[in-house]
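Residue numbers (the working numbering): 8 to 272. Notes to accompany the following structure.
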């Protein structure tokens, strides 16, 4: 009823958007621009929020989806003139840190893992196994690079060189994003963009985060003890809520678990 009572001041509201999990276009439940677009639009527009708080726990994933989500956050922040704060939980690494860097300020827990500003491409080779089993794979292409890095053929040095060139371009884009967003806060140290990670205050010393803080007490200190919170997060598909499983999603779950395990989580 307060909104209808003249001269009554409404307490400030902070919209909290949860960004948790792997970043990717294909897997169900993965963070991607298409799935997050309506949540972010609503968070920035509904109820005139005093600020947006991003709850981040992600080991990374697709660089393109990371870039699209980060760009959307910045676009909405500038259009609505709303400040954005990121709060890292377990990890903001690789693409997870790309999302955090879209915020105006970044905070983390003492034990949060932050960084991994690098790009990785991993695969497997099965040509020896096929040969031992007496199997012959036949591939015909139009275009000499069409079968680049085929896992069923011996690794081609020219393909590897071409792949590394692509990874270096993506890495340069990542570095540019971080430098643009963090500016003079960053320490000019050689390890900063090597894929290295830091914990809590180590990340603060590198300039990757602004401090050690948790979302609710930080926002109460900034906007007053009467500040309210409105939460937004991706909903799991119906089949997932009732425990249904499919082979593709089982593999995706294993891959996500492996990514978190890289950071001891």
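Even glycine gets a Cβ: it sits at the ideal position worked out from N, Cα and C. Note that the structure is predicted; figures quoted are calculated from it, not measured.
Among the options, nearest to residue i - alpha-carbon criterion
| i | options | result |
| --- | --- | --- |
| residue 117 | 69, 110, 124, 96 | 96 |
| residue 237 | 169, 50, 39, 31 | 50 |
| residue 16 | 218, 223, 231 | 231 |
| residue 53 | 28, 83, 77 | 83 |
| residue 43 | 55, 18, 27, 58 | 27 |
| residue 212 | 169, 114, 66 | 114 |
| residue 104 | 41, 228, 215, 169 | 215 |
| residue 183 | 225, 74, 203 | 74 |
| residue 223 | 58, 80, 41 | 58 |
Test item: CB-CB of residue i and residue j under 7 Å
| i | j | result |
| --- | --- | --- |
| residue 121 | residue 210 | yes |
| residue 234 | residue 174 | no |
| residue 63 | residue 107 | yes |
| residue 217 | residue 112 | yes |
| residue 102 | residue 177 | no |
With 16 other Cβ atoms within 10 Å as the buried cut-off, status of residue i
| i | result |
| --- | --- |
| residue 199 | buried |
| residue 72 | buried |
| residue 165 | exposed |
| residue 68 | buried |
| residue 56 | buried |
| residue 70 | buried |
| residue 167 | exposed |
| residue 66 | buried |
C-alpha gap between residue i and residue j, whole angstroms
| i | j | result |
| --- | --- | --- |
| residue 23 | residue 172 | 38 Å |
| residue 47 | residue 195 | 33 Å |
| residue 273 | residue 185 | One cannot answer for residue 273 here, as it falls past the ends of the chain, which runs 8 to 272. |
| residue 239 | residue 25 | 6 Å |
| residue 78 | residue 109 | 7 Å |
| residue 100 | residue 123 | 5 Å |
| residue 205 | residue 119 | 8 Å |
| residue 92 | residue 221 | 11 Å |
| residue 20 | residue 89 | 12 Å |
| residue 18 | residue 39 | 32 Å |
| residue 179 | residue 201 | 11 Å |
| residue 197 | residue 203 | 10 Å |
| residue 85 | residue 170 | 36 Å |
| residue 188 | residue 41 | 23 Å |
Item to check | Whole alpha helix (DSSP H) elements within the stretch 163-206, 4-residue minimum | outcome: You should have 164-189.
Checklist entry - What alpha helix (DSSP H) runs, 4 residues minimum, are completely inside the stretch 30-111? => result Taking only runs of at least 4 residues, the alpha helix (DSSP H) segments lying wholly in the stretch 30-111 are 40-52, 70-87, 102-107.
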